[in-house]
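A.B. asks: These protein sequence lines map, in sequence, to chains P and L. Residue numbers for the first sequence, in the working numbering: 58 to 453. Residue numbers for the second sequence, in the working numbering: 936 to 1226. We put the beta carbon where it would ideally sit given N, CA and C, even for glycine.
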Amino acid sequence: MKKLILALFISLAFLLSFTPNIFAEEGVTDTEIHLGQWGPQTGPAAAWGNVARGTGGYFQWINENGGIHGRKIVYHMFDDGYNPAKTKAGVKELQEGTGIFAWACGVGTSPGLAVRDYLAEKNIPWVGPAAGSMHWITPPQKNLFAVYPLYIAEAKALVKYAIEKMGKKRIAIAYLNDEYGKNGLRGAISELKAHGMEAVAQVPMEAKDSDLKPHVMQLRKSKADMVLMWTTVGHSARIVGISKAMQFAPQFMSTSTTSDFPFMMHITKGLWEGVITGTFGELPDSGYPLLEKYKKEVFDKYAAKEERWGMFYYAGIIFTEPMIEGLKNCGRNLTRERFIAEMEKIKGFKGIGPEVSYKPFDKNDIYSRQGTSQTFLVQCMAEGKAKKLTDWMDIK
Amino acid sequence: MIDFIQMIVSGIAVGSSYALMGLAMVIIYKTSEVPNFAQGEMALITSFFAMMMLTTFNMPVYIAFFLAFVFAVALGCFLEFAILRRAKEPNVLGMIVITIGIEMVLLGFVSWKFGADQKVMPFPIGPYDSFIIGDIFIGKLELLTLVTALLLMIILFLFFKYSKIGLAVKATQQNSVAAKIVGIRTNRILMMTWGISSLVGAVAGLLISPVMMHPYMMWDPMLKGFAAAVMGGMTSLPGAVVAAYMLGIIEHLFGGYISIEFKSVVAFVIIVAVLCIKPSGLFARHYVKKV
């Protein structure tokens, strides 16, 4: 009997010694919250690598200001090179090795798709994928909160503006032959249809294509007066450049992924001037108070010397602001269930991006997990300055 | 008709960069029978070296390019001397694997040292400056590439055909033991061909750089150059150049008239077809041992 009591006592002591870990949420300790992100620091999408670095600066700033209810954020960022296989391997390694509470951003539709189901199966929260894909919300996933305006909505907004405000009659679409490009294509086709029109040309291109003259020849042949580009940064720059060389001068419009105008002006040697794009955040020179604050307290303090203050850098803040809001609203009692519940309560949240709202999970309502349908249009001016063409618009 | 002519002209223009890469690959293959998969990255690192000379040290273009050419030759010689030559009892497969390894190392180094952001190299000719003749356009940079490729081909052809070193290269390729016996320093010949090949590849890289620079910029030209070299027979310099122009033209015509979506794979379909019908390539004359 004595032996039995002793064994029970030892077992109880053993169990109690592990109590905090048994009942604590994965990736959360008394003093830390582990958050992860992938981002292409190398490879074809490296131009968007500063998104993950922007998030890093933002998290550092939060930690310097006391963290979240006494807990510091431990940020785990890795380079996936925009390679879905690497994204999956990296996410699994960190999730199963270190234990991540939630994932932030993550550039790219294809890399995100590689881990979407894995995170959903484990109900690990993922907030603000840095891509406006329909895949995040068709069907909505309980764990996944999108912040980026949908590419479809953005393409609709651009085509609508071209037709209604600029009187364009012949619209052609150049798109990357993947899910990202096809999302833009679908939005444009749908808006054209709503106006009783059809695209005069649809020109697909592959990510590895470097010779785009045949593509531009097709666009020129179509006699388009507006060309909508849903391609990579490099492709868009080449299309505009080759068009200039061919003396083909339609109005160019492009996705928000090419809205970092100083950068685009640099790589096109000034040819980007006049291009209209959608955007997902306040403009760098808008004087928007919160943006100014981030510039001074996050970028100036934590960004690397060679980093540039631009839309892509602070996109890493835009896409994680709602996540931080959700974490703060949880208080000290931080569990994934609680976090998801608090995210669902976010209504009309306004940081430096569009207004964000979520609803209780409803698999038939994409807006229970798509936080925004707002975008606005900007035009690139001399020296990479941006001219605001519209206010925030709600496009569904 | 205008479109057809434009496609031919554009095909020839893009074929020039394939031709330069094809030439570079053929030069190495002619001596060692090893396809050098590091060719693109050797050109890449030289291009970034020139960029560094231009932007960090503010050198004039002609000095930066001259230094880049010296760097390219030194790099080619170094890789052959320090890595390839050290391979123990190498067979062709082992050597190919080594070139792939070099490719990875160079790519990683460029990404680490220069970053992966897109850049453009300052150059006296704008990347999109062009001549318009009637309704036909040709980029000035492409015209320069075309002239350079043809000139290089002629120089290399004459060099390999009529110079003593060219003869030594041929001897090294055909029978390196016999070449050694007659006093040819085959190691030096190999090192020299790596240097020349690196230089030719670097010319291609430098002429692509004013349009767009990033660590993966040489993949497409390298693959297409390799395709052209295979089509041309791997040992024929004019063969690689003619095949490169054919490839450029076929790609453009295919993209224009059949399918823009499959334009980028047409090169590889052609390789398969050529290898099935004429495995030695379209222009190669292989050395046959007489018994």
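Closer than 8 Å by C-beta to ILE1073 of chain L: which residues in its own chain qualify, once you throw out the five before and the five after it? Chain order, please.
C.D. replies: Reading the second sequence from its first residue, position 138 is the one you call residue 1073 of chain L. So the qualifying residues of the chain are VAL944, SER945, ALA948, SER1065, PHE1066.
A.B. asks: Would you kindly report the start and end of the unbroken alpha helix (DSSP H) that includes GLY373 of chain P?
C.D. replies: Position 316 of the first sequence, counted from the start, is the residue given in the question as residue 373 of chain P. Residues 368 to 375.
A.B. asks: Starting from LYS239 of chain P, find everything on chain L with Cβ-Cβ shorter than 7 Å and list it in chain order.
C.D. replies: Taking the first residue of the first sequence as position 1, residue 239 of chain P is located at position 182. Chain L residues near LYS239 of chain P: none, gap ~12 Å exceeds 7 Å.
A.B. asks: Give the residues of chain P in contact with TYR1180 of chain L, contact being defined as C-beta atoms less than 8 Å apart.
C.D. replies: The residue given as residue 1180 of chain L occupies position 245 in the second sequence. Within 8 Å Cβ-Cβ: nothing; TYR1180 of chain L doesn't reach chain P, min ~13 Å.
A.B. asks: Which residues in the same chain as MET1056 of chain L place their Cβ atom closer than 8 Å to its Cβ, once the five residues preceding and following it in sequence are excluded?
C.D. replies: Taking the second sequence and counting its residues from 1, one reaches residue 1056 of chain L at position 121. Correct list, in chain order: SER982, ALA985, MET986, LEU989, LEU1141, SER1144, PRO1145, MET1148.
A.B. asks: Report the residue ranges of all beta strand (DSSP E) runs contained in full by the segment 113 to 177 of chain P; include only those spanning at least 3 residues, in chain order.
C.D. replies: Complete beta strand (DSSP E) runs here, min 3: 129 to 136, 159 to 161.
A.B. asks: Would ALA1051 of chain L count as contacting chain P if we go by Cβ distances under 8 Å?
C.D. replies: Reading the second sequence from its first residue, position 116 is the one you call residue 1051 of chain L. Judged by the 8 Å Cβ criterion, ALA1051 of chain L is in contact with chain P.
A.B. asks: With 8 Å as the threshold, decide whether the Cβ of PHE80 of chain P is near any Cβ in chain L.
C.D. replies: The residue you call residue 80 of chain P lines up with position 23 of the first sequence. In this predicted model, PHE80 of chain P has a pLDDT of only 49, less than 50, meaning its place in the structure is not dependable enough to derive any value.
A.B. asks: Output the distance between the C-alpha atoms of ALA1179 of chain L and GLN1053 of chain L, rounded to the nearest integer angstrom.
C.D. replies: In the second sequence, residue 1179 of chain L corresponds to position 244, counting from 1. In the second sequence, residue 1053 of chain L corresponds to position 118, counting from 1. Roughly 26 Å separates the two Cα atoms.
A.B. asks: Evaluate the contact criterion for the segment 346 to 354 of chain P versus the segment 97 to 104 of chain P: three or more CB pairs, one atom per stretch, below 8 Å.
C.D. replies: No, they do not touch.
A.B. asks: Check whether the segment 259 to 269 of chain P and the segment 1148 to 1160 of chain L touch, using three or more Cβ-Cβ pairs below 8 Å as the test.
C.D. replies: Because the criterion of three Cβ pairs below 8 Å is met, the segment 259 to 269 of chain P and the segment 1148 to 1160 of chain L touch.
A.B. asks: Hey, is ILE1037 of chain L close to the ligand FAD, as in C-beta under 7 Å from one of its heavy atoms?
C.D. replies: With respect to small molecules bound, the structure shown includes none, and the ligand FAD cannot be examined in it.
A.B. asks: Anything in chain L within Cβ reach of GLU263 of chain P, meaning under 7 Å, just list it in chain order.
C.D. replies: Walking along the first sequence from the start, residue 263 of chain P turns up at place 206. The contacting residues are SER1199.
A.B. asks: If you draw a straight line from the C-alpha of LEU176 of chain P to the C-alpha of PHE1016 of chain L, how long is it?
C.D. replies: Here residue 176 of chain P refers to the residue found at position 119 when the first sequence is read from its first residue. Here residue 1016 of chain L refers to the residue found at position 81 when the second sequence is read from its first residue. Spanning the two alpha carbons is a distance of roughly 50 Å.
A.B. asks: Assuming PHE337 of chain P and GLY241 of chain P are in contact, meaning their beta carbons sit under 8 Å apart, how far apart are those beta carbons, in whole angstroms?
C.D. replies: Position 280 of the first sequence, counted from the first residue, corresponds to residue 337 of chain P. Position 184 of the first sequence, counted from the first residue, corresponds to residue 241 of chain P. Not confirmed; about 14 Å, so no contact.
A.B. asks: Less than 8 Å between the beta carbons of MET57 of chain P and ALA231 of chain P, yes or no?
C.D. replies: Here chain P comprises residues numbered 58 to 453, so residue 57 of chain P is not present and cannot be evaluated.
A.B. asks: The segment 219 to 236 of chain P: which residues have C-beta closer than 7 Å to a C-beta of chain L, in chain order?
C.D. replies: Going along the segment 219 to 236 of chain P in chain order, one finds ASN234 with a Cβ nearer than 7 Å to chain L.
A.B. asks: Using 8 Å as the threshold, is the C-beta distance between LYS145 of chain P and VAL172 of chain P below it?
C.D. replies: For the purposes of this step, residue 145 of chain P is taken as residue 88 along the first sequence, with counting starting at 1. For the purposes of this step, residue 172 of chain P is taken as residue 115 along the first sequence, with counting starting at 1. Yes; because the gap between Cβ atoms is below 8 Å, this pair is in contact.
A.B. asks: In the DSSP assignment, find the beta strand (DSSP E) that holds THR1107 of chain L and state where it starts and stops.
C.D. replies: Position 172 of the second sequence holds residue 1107 of chain L. Per DSSP, THR1107 of chain L belongs to no beta strand (DSSP E); it is in the alpha helix (DSSP H), 1099 to 1109.
A.B. asks: Please report the residue range of the beta strand (DSSP E) in which PRO9 of chain P lies.
C.D. replies: Outside the displayed range of chain P (58 to 453) lies residue 9 of chain P, so it cannot be described from this structure.
A.B. asks: Should ILE962 of chain L go down as buried or exposed, given a rule of 16 or more other Cβ atoms within 10 Å for buried?
C.D. replies: Numbered from its first residue, the second sequence carries residue 962 of chain L at position 27. Result: buried.
A.B. asks: Are GLY965 of chain L and THR1170 of chain L closer than 8 Å when you measure CB to CB?
C.D. replies: Taking the first residue of the second sequence as position 1, residue 965 of chain L is located at position 30. Taking the first residue of the second sequence as position 1, residue 1170 of chain L is located at position 235. Looking at the sequence itself, residue 965 of chain L is Lys, so the reference to Gly does not match. The answer is yes: Cβ separation under 8 Å.
A.B. asks: Could you confirm whether any beta carbon from chain L is found closer than 8 Å to the beta carbon of LYS280 of chain P?
C.D. replies: For the purposes of this step, residue 280 of chain P is taken as residue 223 along the first sequence, with counting starting at 1. No, because no Cβ of chain L sits closer than 8 Å to the Cβ of LYS280 of chain P.
A.B. asks: Is GLU968 of chain L close to chain P? Criterion is C-beta to C-beta, closer than 8 Å.
C.D. replies: Within the second sequence, residue 968 of chain L is the residue found at index 33, counting from 1. No - not a single Cβ of chain P is within 8 Å of the one on GLU968 of chain L.
A.B. asks: What is the DSSP secondary structure of ILE943 of chain L, reduced to helix, strand or coil?
C.D. replies: Here residue 943 of chain L refers to the residue found at position 8 of the second sequence. Helix at ILE943 of chain L.
A.B. asks: Using the beta-carbon of each residue, which ones in chain P are nearer than 8 Å to PHE1161 of chain L?
C.D. replies: Walking along the second sequence from the start, residue 1161 of chain L turns up at place 226. By Cβ distance, chain P contributes nothing, its closest Cβ being about 14 Å from PHE1161 of chain L, past 8 Å.
A.B. asks: Mind checking which residues open and close the beta strand (DSSP E) that includes ILE228 of chain P?
C.D. replies: What you label residue 228 of chain P is simply residue 171 of the first sequence in a count that begins at 1. From DSSP, the beta strand (DSSP E) with ILE228 of chain P extends over 228 to 233.
A.B. asks: Got a sec? Which residues, its chain only, sit under 7 Å from ALA281 of chain P by beta carbon, not counting five neighbours each side?
C.D. replies: Walking along the first sequence from the start, residue 281 of chain P turns up at place 224. If we look at ALA281 of chain P and ignore the five residues flanking it on each side, its Cβ neighbours are ARG227, ILE228, ALA229, VAL257, ALA258, PRO307.
A.B. asks: Can you give me the start and stop residues for the beta strand (DSSP E) that SER1065 of chain L sits inside?
C.D. replies: Numbered from its first residue, the second sequence carries residue 1065 of chain L at position 130. That run of the beta strand (DSSP E) goes 1065 to 1068.
A.B. asks: Would you mind reading off the limits of the alpha helix (DSSP H) that contains MET400 of chain P?
C.D. replies: Within the first sequence, numbered from 1, the residue matching residue 400 of chain P stands at position 343. Taken as a continuous stretch (DSSP letters only), the alpha helix (DSSP H) holding MET400 of chain P covers 393 to 401.
A.B. asks: Give me the DSSP bridge partner(s) of VAL216 of chain P.
C.D. replies: One-based indexing of the first sequence puts residue 216 of chain P at position 159. Paired residue(s): none; VAL216 of chain P is not in a bridge.
A.B. asks: So which of P:GLU248, P:ILE397, P:ILE452, P:MET283 has the shortest CA-CA distance to PRO417 of chain P?
C.D. replies: By 1-based counting over the first sequence, the position of residue 417 of chain P is 360. Of the candidates P:GLU248, P:ILE397, P:ILE452, P:MET283, the one whose C-alpha sits nearest the C-alpha of PRO417 of chain P is P:ILE397.
A.B. asks: Does the Cβ of PHE1197 of chain L have 16 or more other Cβ atoms within 10 Å, making it buried, or fewer, making it exposed?
C.D. replies: The residue given as residue 1197 of chain L occupies position 262 in the second sequence. With fewer than 16 Cβ atoms within 10 Å of its Cβ, PHE1197 of chain L is classed as exposed.
A.B. asks: Please say whether LEU955 of chain L and TRP1113 of chain L have beta carbons closer to each other than 8 Å?
C.D. replies: Your numbering for residue 1113 of chain L matches position 178 in the second sequence. Your numbering for residue 955 of chain L matches position 20 in the second sequence. The question names Trp, but residue 1113 of chain L is Ala in the sequence shown. For ALA1113 of chain L and LEU955 of chain L, no; Cβs fall outside 8 Å.
A.B. asks: For PHE1058 of chain L, would you say it is in contact with chain P, using Cβ-to-Cβ distances shorter than 8 Å as the test?
C.D. replies: Taking the second sequence and counting its residues from 1, the one referred to as residue 1058 of chain L is at position 123. By this cut-off, PHE1058 of chain L is not an interface position.
A.B. asks: Using a 10 Å radius around the Cβ and a threshold of 16 neighbouring Cβ atoms, would you call ILE79 of chain P buried or exposed?
C.D. replies: Within the first sequence, residue 79 of chain P is the residue found at index 22, counting from 1. Legend: pLDDT at ILE79 of chain P = 47, less than 50; position of this residue unreliable, no value from coordinates given.
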